[in-house]
Amino acid sequence: MSKIIKVQARQVFDSRGNPTIEAEVVLENNIKASSIVPSGASTGTFEAYELRDNNKNHFLGKSVYNAVNNVNTIISEKIINQNPNNQKKIDDILLNLDGTENKKNLGANSLLAVSLAVRKASIILNNENYFDLKKEVSLPYPLMNIINGGAHADNNLNIQEFMIRPDSAKNFMDAIEKCFLVIQNLKKILKSKKLLTNVGDEGGFAPSINSNEEALNLIVDAIDSAKLKPGLDISICLDVAANELVDKKGNYAIQSNNFEEVDNVVKYYQNTVSKYPIKSIEDPFAEDDWMAWTKLTEKIGKNVQIVGDDLFVTNEKRLNKGIESKSANSILIKANQIGTLTETLNVINLAQKNNFTTIISHRSGDSEDTFIADLAVMTNSSQIKTGSLARSERVAKYNRLLKIEEELGNKAKMNKIL
Ligand code: PGA
Ligand code: ZN
């Protein structure tokens, strides 16, 4: 064992150019590992607290010097001399130092940066992989966000993310190739319609289109043009991010800018999944509207993946509630919604025990850190959502999975999807 001798944080910048925190851990034998924490735009109310300075004199209030300082003083003092192989103990120390349920004292960003950097250092120390190379290892299907709307783009699309999933992919390179073909064909189609092909925060196109159906039709056309079969080779996955589309009365503006009652929204989803090859819907309703989620899951949950992101916020208590009330059948996993690796792994475990699929996810503000690719493999998660095949902070995760696939050779298999 080689003890932790130094924990040092610094302010760095995410893919939107906003400040974020990086923590570096140094071990006795000079092994170093670091981790950069991502940041969301459509964040759920129940997410763990992201500590920003709110000092208008620095980076419009977005600087994270206090979080950096927390790591360099309070946290480092207790983490130094610890065994990097004992992740549970490290995370317990972090949780106790903070002492609040939503990590309001030290900030989930400070905690997570250290938690993940320690795990990475321990992997290097033991010359391990995040997964057991002796067993068969499964790679996740990518959910590639190819048309951006909602809070992630400046167009009039209400739904935040239109994604594709290459269901017939035989391996990860094949998955990437199928997505590549759809994306290139979509680009051609957009150009032929004189629509812009510049990309949004997650690398998807953000054309000026006005309706969900227009986006869905464009994607189906692109799948056809790529000579792939919609629904067989490529299915469509949505992230509605409905928190952003609900009014005070609990009505939703999903189909158009008119607010509709839950029953009408459920009908709209039923109708839309019957017309298009949609296999997954994330955040179809707001984070507190448990009844609406249950209604939808009852109606279409057998054939469609219903994914809780803002609903569950990678939180065991909220996931337990969702399991009891049958509100969904899948959970999106974002480690910075909860704050430590141990808590993240516990939620994944709980989900999988209850036959929920787990989808490891990036944030809309992300970085060159590729840890989520390894997390997806090590937790046997069936899917990973990390943007389009554009913007290096997104593609880096796909490149990491290709490297894992190469390393695994014939032990690598694609995971199972619903
Ligand atoms: P966020 O968006 O990172 O901006 O929260 C991603 C998502 O909603 O899944
Ligand atoms: Zn989401």
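Its first residue numbered 680, the sequence shown is counted upward by one per residue in this note's numbering.
Heads up, the beta-carbon is just placed ideally off N, CA and C, and yes, glycines get one too.
Secondary structure of residue i, DSSP reduced to three states
i	result
GLN863	helix
MET680	coil
GLY723	coil
GLY1044	strand
GLY1018	coil
GLN761	coil
LEU1087	helix
SER1009	strand
ILE1096	coil
GLU756	helix
ALA712	strand
GLU939	strand
LYS768	helix
LYS1100	The chain is shown from 680 up to 1097; residue 1100 falls before or after that span and cannot be answered.
ARG731	coil
LEU1068	coil
THR1049	coil
LYS741	coil
ASN749	helix
ASN736	coil
Buried or exposed (CB count within 10 angstroms, at least 16 for buried), residue i
i	result
GLY829	buried
GLY740	exposed
GLY879	buried
SER1004	exposed
THR1037	buried
GLY1098	Absent from the structure is residue 1098, since the part of the chain shown begins at 680 and ends at 1097.
LEU897	buried
ASN1028	exposed
SER1101	No information on residue 1101 is available, as it lies outside the stretch 680 to 1097 that the chain covers here.
SER871	exposed
LYS782	buried
MET970	exposed
THR993	buried
ILE913	buried
SER887	exposed
THR951	buried
ASP833	exposed
ASN982	exposed
ASN734	exposed
GLU1072	buried
LYS1013	buried
GLY1044	buried
LYS849	exposed
MET680	exposed
THR876	exposed
GLY1066	buried
SER935	exposed
GLY778	exposed
Opposing strand residues paired with residue i [DSSP bridges]
i	result
VAL1056	BP columns for VAL1056 are empty, so no partner.
SER718	GLY1044
VAL691	THR699
THR1037	ILE1010
LEU706	ILE683
ILE843	MET823 and ILE915
ILE1063	PRO821 and ILE1039
Below-8 Å beta-carbon distance, residue i vs any chain B residue
i	result
GLU1003	Here chain B cannot be found, since the structure has a single protein chain.
Enumerate, from N- to C-terminal direction, the unbroken beta strand (DSSP E) stretches of 3 or more residues contained entirely within the region 773-840. 816-818 and 820-827
At which residue ranges does the region 854-933 contain complete beta strand (DSSP E) runs of 3 or more residues, listed in the order of the chain? 914-918
Residue ranges of each beta strand (DSSP E) within the region 952-999, 3 or longer: Within the region 952-999, the complete beta strand (DSSP E) runs of at least 3 residues are 957-961 and 984-987.
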